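Trainee: Take a look at the following structure, please.
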Amino acid sequence: MDIHYSLPNLTSTLQIIGCHLGEFHPNWSYPRHHHYLFELLHCKQGEIRQTIGDHVFTISNGDWLLIKSGISHATENGPTSVYRFFNLHFDLDDPIIRERLCKADYVIIKAEEAAGLSLPTHFSAIEEAFLHNIRVDTIDDDKALDRLIIQSHTLGIISEFIKYSEQARSPIPMSDGSMQNASVFETELAHAIEEKLRNETHGAIAGIAASLGISRGRCTHIFTKVYGQSPRQYRSKMVLNQAKHLLVHSTYSMEELAEQLGFQSASHFSRQFRRWTGMAPSAFRPKYVRSPRTQDG
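In my numbering, each residue carries its 1-based index in the sequence shown increased by 186.
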């Protein structure tokens, strides 16, 4: 017997958690969160406002979205339409596939592009198997086969996303581009640091590290490994974003802004804002926003 082609032993494992077909009514939302799983989303009807890192965009009828593991994201439905969706979380233990999936924080495939791929075919098979699986008259043997069909077509969808993202002209930039194969423990620890940075806006980095039982050096190393920036840089960006928001959406004086943001004085805030942006706070604030005590040192 002549063997013309052969493959190595295939032992990769696909883990699927939280596979859903469902709907949410208007004004539904899910707060910002992160986890170690990849997330796959398909909008069947309606639209949602998706926030991933600092990016905000709309997912509409027929669109697909893949979010990388560890990336912070939030979802919000509009006030008028019902949102129907397919959603699952997954992980793979194949290191090559994981590396290819992690090249971008997220990948969007719009409905018109998805129609030209095999995504509709894969989804139809998953939906049919899903609905058959939840029927009360489906026997256990057939339910096992349904699960196998869902797994196989999920792998097909994942392969479509990999091929699509690697052929895309303008891939989504990574917010944590220096993430160097961080372990699950390191990723979870970095997320704990990030949460404390958000909640303890004026706390010292050394104090945050101590509260987690690690040194400041290790705190900085792990956070930078996962997020691609130091805790100090992350906090500076967070404060800058808050400052920009308050300058545009409030009538606080510079003294009040400085106090809100944890600066010692209005002049201290003004100097730091200039270092960050190259302009004075008053130059950034829209002309129609004026405080009776606006000062800019």
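Glycine residues also receive a C-beta, built at the ideal position from the N, C-alpha and C atoms. Bear in mind the structure is a predicted one, so any value in this text is a computation, not a measurement.
Only counting the same chain, and skipping five residues up and downstream in sequence, which positions put a Cβ closer than 6 Å to that of Phe210?
Mentor: The residues are Asn263 and Tyr269.
Trainee: In the DSSP output, what is Tyr191 paired with across the bridge?
Mentor: BP columns for Tyr191 are empty, so no partner.
Trainee: What are the start and end residues of each continuous alpha helix (DSSP H) run of 4 or more residues lying completely inside the stretch 255 to 317, in chain order?
Mentor: As far as the stretch 255 to 317 is concerned, its whole alpha helix (DSSP H) runs of at least 4 residues are 281 to 287 and 297 to 300.
Trainee: Have a look at Tyr420 and Ala444 and give me their C-alpha separation to the nearest angstrom.
Mentor: Distance between the alpha carbons of Tyr420 and Ala444: 19 Å.
Trainee: Among Leu226, His228, Ser246 and His435, which residue has its Cα nearest to the Cα of Arg235?
Mentor: Among Leu226, His228, Ser246 and His435, the Cα nearest to that of Arg235 belongs to Ser246.
Trainee: What residues in its chain sit with their C-beta under 6 Å from that of Gly342, if we drop five residues either side in the sequence?
Mentor: These residues qualify, in order along the chain: His308.
Trainee: From which residue to which residue does the alpha helix (DSSP H) around Arg418 run?
Mentor: Pro417 to His435 is the extent of the alpha helix (DSSP H) around Arg418.
Trainee: Count the C-beta pairs between the stretch 310 to 326 and the stretch 336 to 350 that are closer than 8 Å, then say yes if the count reaches three, no if not.
Mentor: As far as the Cβ criterion goes, the stretch 310 to 326 touches the stretch 336 to 350, which means the pair count is three or higher.
Trainee: Mapping DSSP to helix, strand and coil, what is Arg321?
Mentor: Correct three-state label for Arg321: coil.
Trainee: Starting from the C-beta of Asn427, find all residues in its chain whose C-beta is less than 7 Å away, skip the five residues before and the five after it, and write them out in chain order.
Mentor: Once the five neighbours on either side are set aside, Asn427 has no close Cβ partner at all.
Trainee: Starting from Phe470 and walking both ways along the alpha helix (DSSP H), at which residues does that stretch end?
Mentor: Counting along the chain, the alpha helix (DSSP H) containing Phe470 begins and ends at Pro467 to Phe470.
Trainee: With a threshold of 6 Å (Cβ to nearest heavy atom), would Asp279 be considered close to the ligand SAH?
Mentor: Absence of the ligand SAH is noted for the structure shown, with no ligands found whatsoever.
Trainee: Roughly how many angstroms separate the alpha carbons of Glu386 and Thr261, rounded to a whole number?
Mentor: In a straight line, the C-alpha of Glu386 is about 24 Å away from that of Thr261.
Trainee: Express the C-alpha separation of Phe347 and Leu227 in angstroms, rounding to a whole number.
Mentor: About 12 Å.
Trainee: Cβ of Ile394 within 7 Å of Cβ of Lys382?
Mentor: Yes, these two residues count as a Cβ contact at 7 Å.
Trainee: Name the residue from Lys296, Ala396 and Gly448 whose alpha carbon lies nearest to the alpha carbon of Met486.
Mentor: Past the boundaries of the shown model lies residue 486; the chain is included only from 187 to 483, so the question cannot be answered.
Trainee: Note down, in chain order, each residue of its chain lying with its Cβ closer than 6 Å to the Cβ of His275, except the 5 sequence neighbours on either side.
Mentor: Closer than 6 Å at the Cβ level, and outside the excluded window around His275, lie Ile203, Gly204, Leu223 and Glu225.
Trainee: Based on DSSP bridge pairs, tell me the residues matched to Glu233.
Mentor: Bridge partners of Glu233: Ser246.
Trainee: I believe Ile282 touches His259 by the beta-carbon criterion, under 8 Å. Please report the beta-carbon distance rounded to the nearest angstrom.
Mentor: Not really, about 25 Å apart at Cβ, beyond 8 Å.
Trainee: Within the chosen definition, does the stretch 431 to 441 reach the stretch 403 to 414 through at least 3 CB pairs nearer than 8 Å?
Mentor: Because the criterion of three Cβ pairs below 8 Å is not met, the stretch 431 to 441 and the stretch 403 to 414 do not touch.
Trainee: Determine the direct distance from the alpha carbon of Ser422 to that of Arg388, and round the result to whole angstroms.
Mentor: Here residue 388 turns out to be His, not Arg, going by the sequence shown. The straight-line gap from Cα to Cα measures roughly 11 Å.
Trainee: By Cβ distance below 7 Å, which residues in the same chain neighbour Arg284 in space, the five residues on each side in sequence not counted?
Mentor: Closer than 7 Å at the Cβ level, and outside the excluded window around Arg284, lie Leu278.
Trainee: Report all residues from its chain with a CB closer than 6 Å to the CB of Glu509; omit the five preceding and five following residues, and keep chain order.
Mentor: Beyond the ends of the chain as shown, which are 187 and 483, falls residue 509; an answer cannot be given.
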